[in-house]
Amino acid sequence: MMNNEKHIASAFDRDLEAVQAMIMKMGGLVEDALLESSRALEERDVELAQRVRSADSAIDALEMQVNTEAARLIAIRAPTASDLRTVLTVMKIASGLERCGDHAKNLAKRTLVLSDMAPVGASAGSIRRLAKSVQLMLKDALDAYIRRDVAMAQEVRQRDQEIDQMYNALFREFLTHMMEDPRSISACMHLHFIAKNIERVGDHATGIAEQVIYLVTGDVPDEARPKLDTVSLPGAEG
Amino acid sequence: MNDMRLLERAVDTQVNKITARKVQVYYGQNHALKDVDVDILDKTVTAFIGPSGCGKSTFLRCLNRMNDTIAVCRVEGRIDLEGEDIYDPRVDPVQLRAKVGMVFQKPNPFPKSIYDNVAYGPKIHGLARKKADLDEIVESSLRKAALWNEVKDRLDAPGTGLSGGQQQRLCIARAIATSPEVLLMDEPCSALDPIATAQVEELIDELRSQFSVVIVTHSMQQAARVSQRTAFFHLGSLVEYGETGQIFTNPKDPRTESYITGRIG
Numbered sequence: 001m002m003n004n005e006k007h008i009a010s011a012f013d014r015d016l017e018a019v020q021a022m023i024m025k026m027g028g029l030v031e032d033a034l035l036e037s038s039r040a041l042e043e044r045d046v047e048l049a050q051r052v053r054s055a056d057s058a059i060d061a062l063e064m065q066v067n068t069e070a071a072r073l074i075a076i077r078a079p080t081a082s083d084l085r086t087v088l089t090v091m092k093i094a095s096g097l098e099r100c101g102d103h104a105k106n107l108a109k110r111t112l113v114l115s116d117m118a119p120v121g122a123s124a125g126s127i128r129r130l131a132k133s134v135q136l137m138l139k140d141a142l143d144a145y146i147r148r149d150v151a152m153a154q155e156v157r158q159r160d161q162e163i164d165q166m167y168n169a170l171f172r173e174f175l176t177h178m179m180e181d182p183r184s185i186s187a188c189m190h191l192h193f194i195a196k197n198i199e200r201v202g203d204h205a206t207g208i209a210e211q212v213i214y215l216v217t218g219d220v221p222d223e224a225r226p227k228l229d230t231v232s233l234p235g236a237e238g
Numbered sequence: 001m002n003d004m005r006l007l008e009r010a011v012d013t014q015v016n017k018i019t020a021r022k023v024q025v026y027y028g029q030n031h032a033l034k035d036v037d038v039d040i041l042d043k044t045v046t047a048f049i050g051p052s053g054c055g056k057s058t059f060l061r062c063l064n065r066m067n068d069t070i071a072v073c074r075v076e077g078r079i080d081l082e083g084e085d086i087y088d089p090r091v092d093p094v095q096l097r098a099k100v101g102m103v104f105q106k107p108n109p110f111p112k113s114i115y116d117n118v119a120y121g122p123k124i125h126g127l128a129r130k131k132a133d134l135d136e137i138v139e140s141s142l143r144k145a146a147l148w149n150e151v152k153d154r155l156d157a158p159g160t161g162l163s164g165g166q167q168q169r170l171c172i173a174r175a176i177a178t179s180p181e182v183l184l185m186d187e188p189c190s191a192l193d194p195i196a197t198a199q200v201e202e203l204i205d206e207l208r209s210q211f212s213v214v215i216v217t218h219s220m221q222q223a224a225r226v227s228q229r230t231a232f233f234h235l236g237s238l239v240e241y242g243e244t245g246q247i248f249t250n251p252k253d254p255r256t257e258s259y260i261t262g263r264i265g
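Chain order of the listed sequences is A and B. With UniProt numbering applied, the first sequence covers 1 to 238. With UniProt numbering applied, the second sequence covers 1 to 265.
Written out as structure tokens, the structure is:
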């Protein structure tokens with residue numbers, strides 16, 4: 001049950017808006033970090049990778065700010081119902097976005113190492129496409145949050161399957177490369193971690209979409225989310 | 001979500017103490033309470049919340065027929081206490097009020113000694129045959145009201161000489177001295193400071209093991225703190241009634257949401 005009416009205490013509305021604006025700002029920074037780091041990987045741009053690495057501190061600082069603001073809101077306003085759910089979801093989303101920022105930073109770090117190694121086929125391009133898909137998923141999850149759009153959140157949740165499929169394809173590609181040419185193992189290991197990290201960002205986007213559903217309906221979606229990540233247990237296949 | 005409730009917040013019993021069906025209250029031409037259906041559980045604190053004039057105090061007063069004292073007031077529908085219609089003409093309202101005690105907004109001790117304040121009810125209802133019995137009732141009531149240690153050396157002092165919080169606990173002791181089954185509280189803490197409020201709330205939580213407690217409060221936080229069930233009244237109707245945690249995290253009715261989140265509803 002959501003409510004679009006204004007509070008009698010208008011400062012309460014301003015506080016809630018401010019803390020949600022911080023989330024949106026965080027989301028924007030994380031999307032940039034993801035796009036830029038995957039571009040740095042494909043274009044072997046060491047400087048850009050360095051910039052992504054150092055930009056992560058701004059995301060961390062915003063998460064701290066969200067938590068401080070949320071604690072203050074709870075102490076001062078004693079939020080209930082949808083207000084309470086707003087504060088709770090804001091904290092969870094901030095922590096998810098902070099993890100996404102770390103994944104992008106890790107991508108940038110590995111890019112620095114990979115820039116000294118021979119490229120592995122066209123995998124950097126595939127990873128960039130994966131990053132682009134995940135970035136769009138994250139953007140839509142955050143848009144669904146700000147619009148309180150459950151249908152959109154459901155749709156984002158479904159899209160995680162596509163991300164899993166893309167990741168599976170990359171996993172097999174790296175495996176093939178490594179078997180063909182053991183000299184590529186080191187690079188492929190880094191590339192695989194990168195792919196896995198981006199896939200994890202997709203999971204966080206799904207988590208944000210689930211927070212939207214909780215925020216609007218008060219219930220956490222219970223049916224198990226579709227999973228196609230069959231390579232996480234390679235021995236268990238077939 | 002209910003499975004996740006903290007143990008102490010869980011409602012201990014599902015036994016109905018009071019069952020109200022299609023209750024209507026009219027003050028002259030004014031239809032003050034419309035079609036109220038509610039089941040109040042035994043050994044549970046039930047909070048009534050809602051804006052001023054929503055009918056919550058009116059409904060509370062129906063439960064021990066305090067509305068009988070208002071000439072223009074007419075009550076329709078049925079209210080059962082343990083399956084017995086309390087508006088049955090054979091029911092003596094005075095006897096009913098011994099079973100359904102009440103504590104008011106402003107502490108109102110009698111201008112008598114602390115002892116006599118508590119002993120008054122048991123005396124008029126003939127609950128004690130000997131002075132020793134009466135002494136025991138007074139002591140146990142004051143203990144239950146968490147006041148005994150503060151007043152045991154001055155039981156002959158006037159009740160009106162106590163502090164506000166102590167006076168309210170004295171009124172609670174007075175209300176429970178007749179061993180009621182239900183305790184009604186109409187904003188029992190609105191005239192108390194935060195410390196005295198916390199003491200009365202702690203007391204309410206303890207009383208729950210013995211009585212069914214119904215509390216009307218304007219403080220949403222107080223309703224959230226002390227009750228296991230919350231009923232939201234608006235414009236004379238019972239809008240929503242449910243487990244307190246659910247009402248405060250995920251109310252089903254938009255009017256409840258507007259009210260508890262402090263929006264114009």
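The beta carbon of each residue, even a glycine, is placed where N, CA and C say it ideally should be.
Contact of ILE8 of chain A with chain B is assigned, a C-beta pair being separated by under 9 Å. The Cβ neighbour count for GLN14 of chain B, taken over all protein chains shown within 10 Å, is under 16; the residue is labelled exposed.
At a beta-carbon threshold of 8 Å, none of the residues of chain B lie near ASP15 of chain A; the nearest stands roughly 13 Å away.
Short of 7 Å from the beta carbon of ALA32 of chain B, and not among the five residues preceding or following it, lie these beta carbons of its own chain, in chain order: VAL25, TYR26, GLY55, THR58 and GLY236. Distance check between LEU192 of chain B and each of B:GLN168, B:ARG97 and B:THR256 places B:GLN168 closest, using alpha-carbon atoms only. Judged by DSSP secondary structure, MET185 of chain B falls within the beta strand (DSSP E) whose first and last residues are 182–186.
Across the structure, GLY125 of chain A and ALA205 of chain A are spaced so that their CA atoms are roughly 22 Å apart.
In this structure, the straight-line span from the alpha carbon of VAL151 of chain B to that of ILE114 of chain B is close to 8 Å. At a Cβ-Cβ threshold of 9 Å, ILE208 of chain A and LEU97 of chain A count as neighbours. Across the structure, GLU31 of chain A and ILE213 of chain A are spaced so that their CA atoms are roughly 22 Å apart.
In the DSSP secondary-structure assignment, PRO158 of chain B is bridged to B:SER113. With respect to GLY101 of chain B, ALA20 of chain B sits apart: the two C-beta atoms are not nearer than 9 Å.
Beta-bridge annotation (DSSP): TYR26 of chain B is paired with B:HIS31 and B:ARG74. The beta-carbon distance between GLU187 of chain B and HIS218 of chain B, rounded to whole angstroms, is 6 Å. This is short enough to meet the 8 Å contact definition. Under the three-state reduction of DSSP output, PHE104 of chain B falls in the coil class, being neither helix nor strand.
Rounded to the nearest whole angstrom, the C-alpha separation of GLY161 of chain B and ALA196 of chain B is 16 Å. Within the same chain, Cβ atoms closer than 6 Å to the Cβ of MET166 of chain A are found at LEU130, the five residues on either side in sequence being excluded. For the segment 175–243 of chain B, the full-length alpha helix (DSSP H) segments reaching 4 residues or more read 194–207 and 220–226 along the chain.
Taking a contact as a CB-CB distance under 8 Å, the pair ALA141 of chain A and ALA122 of chain A does not count as one, their CB atoms being some 29 Å apart. Of the residues assessed, ILE70 of chain B falls on the exposed side of the cut-off, its CB having fewer than 16 other CB atoms within 10 angstroms.
About 6 Å separates the Cβ atoms of VAL23 of chain B and CYS62 of chain B, confirming a contact at the 8 Å cut-off. Under the Cβ distance rule, ARG85 of chain A counts among the residues neighbouring chain B, one pair being separated by less than 9 Å. Contact with chain A is absent for THR197 of chain B, since none of that chain's Cβ atoms lies less than 9 Å from the residue's Cβ. By the rule that beta-carbons nearer than 9 Å mark a contact, GLN14 of chain B does not touch chain A. Spanning the alpha carbons of ASN149 of chain B and PHE48 of chain B requires a straight line of approximately 32 Å. Spatial neighbours of ALA157 of chain B in its own chain (CB-CB distance under 7 Å, excluding positions within 5 residues in sequence) are listed in chain order as SER113 and ILE114. With its beta carbon at least 9 Å from every one in chain B, PRO221 of chain A lies outside the interface.
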